[in-house]
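Student:
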Ligand SMILES: NC(=O)c1ccc[n+]([C@@H]2O[C@H](COP(=O)([O-])OP(=O)(O)OC[C@H]3O[C@@H](n4cnc5c(N)ncnc54)[C@H](OP(=O)(O)O)[C@@H]3O)[C@@H](O)[C@H]2O)c1
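Residue numbers (this note's numbering): 274 to 610.
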């Protein structure tokens, strides 16, 4: 098969590095272009772990150079910066997968949580790249919006149960993430001295992934929900564990519900015990478990925030957009022990 030229804008960041690693061994995509704000370096200088593995010059990122070198591009950029790139790239026919929040939400939801949208004309065509729910749309898409990491873990666990949940009651989502979820830029919260031996909630009940979760539940099931989302930072590099607490309106066997939803899915593993982050770290898997006590429902899901929560989900979307098998080049073996 002829190689498809792939590029990464934002290659110096954490999700950019994950994309480099997967594209370096992908059987069809050829890593043809990597770029950062400044350029003028090499990929192995930015990421010393790549020395003797991948050697590539890093370009100064411009839409023109992406158009010249790429058939498909991953935007591993902060929100707002991404839409400045996506707009000309989609118009020029470069298949674009954005990892930021810029194309995930309806305009009103986005502007309430982030900033004014500068590319509303492409928002309508962007496909939300939660693979199990949007794979048919992704096959036809020119622009894909990578879901947030917390929404990915939450929605994959919660969506199958929505028809059985009393949605007039609050749904509580208690989520924990490794520090790489915050990107490579250092802040007081992510400083070693603050996060080491520590564990705390941040933005409780007002984190901007809450409206994303609510909006997607409504789009998929046509049901409005009361989402109460509390993220925590844990002293781990990667991995995300989500615990959902909800009230059932009917009796169900939770594992039967999950099997009906995901029995055939190659990258969802249904567990008969509560899940953990180490078993998914380094992979595209989402592990899910659920249990019931009378009308109380507990759902437990785990992903690698940098992979299923960002880069490998983006790669699965790119595979579909380019007519490849969805699972091509997706990582399967966890970083255990
Ligand atoms: N980390 C996660 O777990 C995760 C999960 C899901 C989604 N996301 C989203 O994915 C995106 C990337 O996240 P990340 O964690 O990889 O962030 P990151 O580690 O901070 O990397 C972002 C990169 O973007 C580059 N950049 C910024 N402005 C640029 C510009 N104008 N042109 C070219 N490059 C530019 C920066 O590199 P230079 O300054 O060197 O140019 C930086 O390396 C974000 O929108 C984030 O919200 C992240």
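Glycine included, each C-beta is placed from N, C-alpha and C at the ideal position.
Let me make sure I understand the geometry here. Which of 538, 581, 533 and 528 has the alpha-carbon closest to that of residue 550?
Tutor: 581
Student: Report whether the distance from the Cβ of residue 310 to the nearest heavy atom of ligand 1 is below 7 Å.
Tutor: yes
Student: By alpha-carbon positions, which one of 454, 449 and 472 ends up nearest to residue 503?
Tutor: 449
Student: Within this structure, are the beta carbons of residue 547 and residue 382 separated by less than 8 Å?
Tutor: no
Student: Please list, in chain order, all residues of the same chain as residue 571 whose beta carbon is under 8 Å from its beta carbon, the five residues on each side excluded.
Tutor: The beta carbon of residue 571 is closer than 8 Å to those of 516, 517, 518, 563, 564 and 565 in its chain, skipping five residues each way along the sequence.
Student: Using the Cα positions of residue 328 and residue 313, report the straight-line distance between them to the nearest angstrom.
Tutor: 14 Å
Student: What does residue 377 pair with, by DSSP beta-bridge criteria?
Tutor: Its beta-bridge partners do not exist; DSSP assigns none.
Student: Where do the N-terminal and C-terminal ends of the beta strand (DSSP E) with residue 304 fall, by residue?
Tutor: 302-309
Student: Residues in its own chain within less than 6 Å of residue 276 by CB, not counting five upstream and five downstream?
Tutor: 303
Student: Where residue 608 and residue 308 are concerned, what is the direct C-alpha to C-alpha distance, given to the nearest angstrom?
Tutor: 28 Å
Student: Is the separation between the beta-carbon of residue 408 and that of residue 599 shorter than 8 Å?
Tutor: yes
Student: DSSP beta-bridge partners for residue 542?
Tutor: Answer is 560, bridged to residue 542.
Student: Would you identify the three-state DSSP class for residue 280, choosing helix, strand or coil?
Tutor: Three-state DSSP puts residue 280 in a strand.
Student: Determine the DSSP secondary structure at residue 597, reduced to helix, strand or coil.
Tutor: coil
Student: What whole-angstrom Cβ distance do residue 339 and residue 400 have, given they're in contact under 8 Å?
Tutor: Their Cβ separation, rounded to whole angstroms, is 20 Å, which puts residue 339 and residue 400 out of contact at 8 Å.
Student: Rounded to whole angstroms, what is the Cα-Cα separation between residue 496 and residue 367?
Tutor: Going by the C-alpha atoms only, they are around 35 Å apart.
Student: Could you tell me which of 330, 430 and 578 sits nearest to residue 612, measuring between CA atoms?
Tutor: The question about residue 612 has no answer here: the residues shown for the chain are numbered 274 through 610.
Student: Is residue 323 closer than 8 Å to residue 346 when the C-beta atoms are compared?
Tutor: no
Student: Please classify residue 420 as buried or exposed, where buried requires at least 16 other C-beta atoms within 10 Å of its C-beta.
Tutor: buried
Student: In terms of DSSP beta bridges, what is residue 515 paired with?
Tutor: Residue 515 is bridged to 448 and 574.
Student: Please say whether residue 370 and residue 583 have beta carbons closer to each other than 8 Å?
Tutor: Their beta carbons are not under 8 Å apart, which means residue 583 does not touch residue 370 by this criterion.
Student: Leaving out the 5 sequence neighbours to the left and right, which residues in its chain are closer than 7 Å to residue 341 when beta-carbon positions are compared?
Tutor: Excluding sequence neighbours, residue 341 sits near nothing in its chain.
Student: Does residue 423 pass the burial test, meaning 16 or more other C-beta atoms within 10 Å, or should it be called exposed?
Tutor: buried
Student: With a cut-off of 8 Å on the beta carbons, I'd call residue 509 and residue 498 a contact; round off their distance for me.
Tutor: Not quite, the Cβ-Cβ distance comes to about 29 Å (not below 8 Å), so this is no contact.
Student: May I ask you to check if the CB of residue 520 is nearer than 7 Å to at least one heavy atom of ligand 1?
Tutor: no
Student: Mind checking residue 605: buried by the 16 CB within 10 Å criterion, or exposed?
Tutor: exposed
Student: Quick one: what does DSSP say residue 552 is sitting in, helix, strand or coil?
Tutor: coil
Student: Check the DSSP bridge columns for residue 401 and list the partner residues they point to.
Tutor: DSSP output for residue 401 lists 418 as bridge partner(s).
Student: Count Cβ pairs between the stretch 347-365 and the stretch 384-397 that sit closer than 8 Å; are there 3 or more?
Tutor: yes
Student: Tell me which residue opens and which closes the beta strand (DSSP E) that residue 369 is part of.
Tutor: 368-371
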